[in-house]
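Residue 76 is where the sequence shown starts when you use our numbering, and the numbers rise one by one after that.
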Amino acid sequence: MLVRPAREHEIDTIADIYVASFRGLTFLPRLHSDEEMRDWVRRVMAPGHEVSVGEMDGRLVGFASLRDGLLGHFYVHPDAQGRGVGSALLENVKLERPEGFELWVFQRNDRARRFYERRGCRLIELTDGSDNEEREPDARYEWRP
76 MLVRPAREHE
86 IDTIADIYVA
96 SFRGLTFLPR
106 LHSDEEMRDW
116 VRRVMAPGHE
126 VSVGEMDGRL
136 VGFASLRDGL
146 LGHFYVHPDA
156 QGRGVGSALL
166 ENVKLERPEG
176 FELWVFQRND
186 RARRFYERRG
196 CRLIELTDGS
206 DNEEREPDAR
216 YEWRP
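Rendered as C-alpha cells:
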C-alpha cells in the first residue's frame, strides 16, 4: 500500500474511483450521469487542492483531497474497501494537516462515520441536508491533534 501525491494524468482514474464509490451509497438519489460526475471531479480537482492517492499493487484505489483545512473528497473504490487504503490515506491527511481538519459525511453513511470516529474524528454538527444537492442530512466532523 503506497500513499503519494496524485499526478495530473491520473484525474480520469480518480474520477472513476469517485463514481464507483458514490454509486455504492445506495440511499442517495441518482441526480447525475456517471459522465457528469466524472466531469465534476475533473473541475474540482483544480489547483489549490492537495490530492493524495492510495495505490495497491500498482493500481490507484483511493484518493483524498484537502483544501484549506477541509477534507472535501475522500473515497476508496468499493473493491478495495476494508484493506487499509482508507486508514493509510487518512493518516497521510493527518500528516499533511497536523493542525487538524474538518470533513462532511452523510448521516446515513454509517460505515464512513464509524471509520472516522475510530480514527479520532469528533462529531461537531448535524444538519438537515438543506445545503447539499442531494438534500441528505449531513454530519460534520473534525480531527484535532
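All residues carry an ideal CB built from backbone N, CA and C; glycine is no exception.
Nearest to residue i by alpha carbon, out of the options?
i: E200; options: W179, P220, V119; result: W179
i: E208; options: P104, F138, E217; result: P104
i: E174; options: W218, M76, H84; result: W218
i: V136; options: R98, V119, V78; result: V78
i: Y216; options: G144, M120, A163; result: G144
i: F102; options: R183, P220, R82; result: R183
Rounded to whole angstroms, how far is the Cβ of residue i from the Cβ of residue j, which I believe are closer than 8 Å?
i: Y150; j: Y93; result: 5 Å
i: E125; j: E171; result: 6 Å
Applying the 10 Å Cβ sphere with the 16-neighbour rule, what's the burial state of residue i?
i: F176; result: buried
i: G129; result: buried
i: L146; result: buried
Rounded to whole angstroms, what is the Cα-Cα separation between residue i and residue j?
i: F181; j: H148; result: 13 Å
i: L165; j: D154; result: 18 Å
i: R188; j: G204; result: 16 Å
i: R98; j: L106; result: 11 Å
i: A163; j: L100; result: 22 Å
_Does the stretch 103-116 come into contact with the stretch 154-169, if we say contact requires no fewer than three beta-carbon pairs (one atom in each stretch) closer than 8 Å?_
The stretch 154-169 and the stretch 103-116 do not touch, with fewer than three beta-carbon pairs separated by less than 8 Å.
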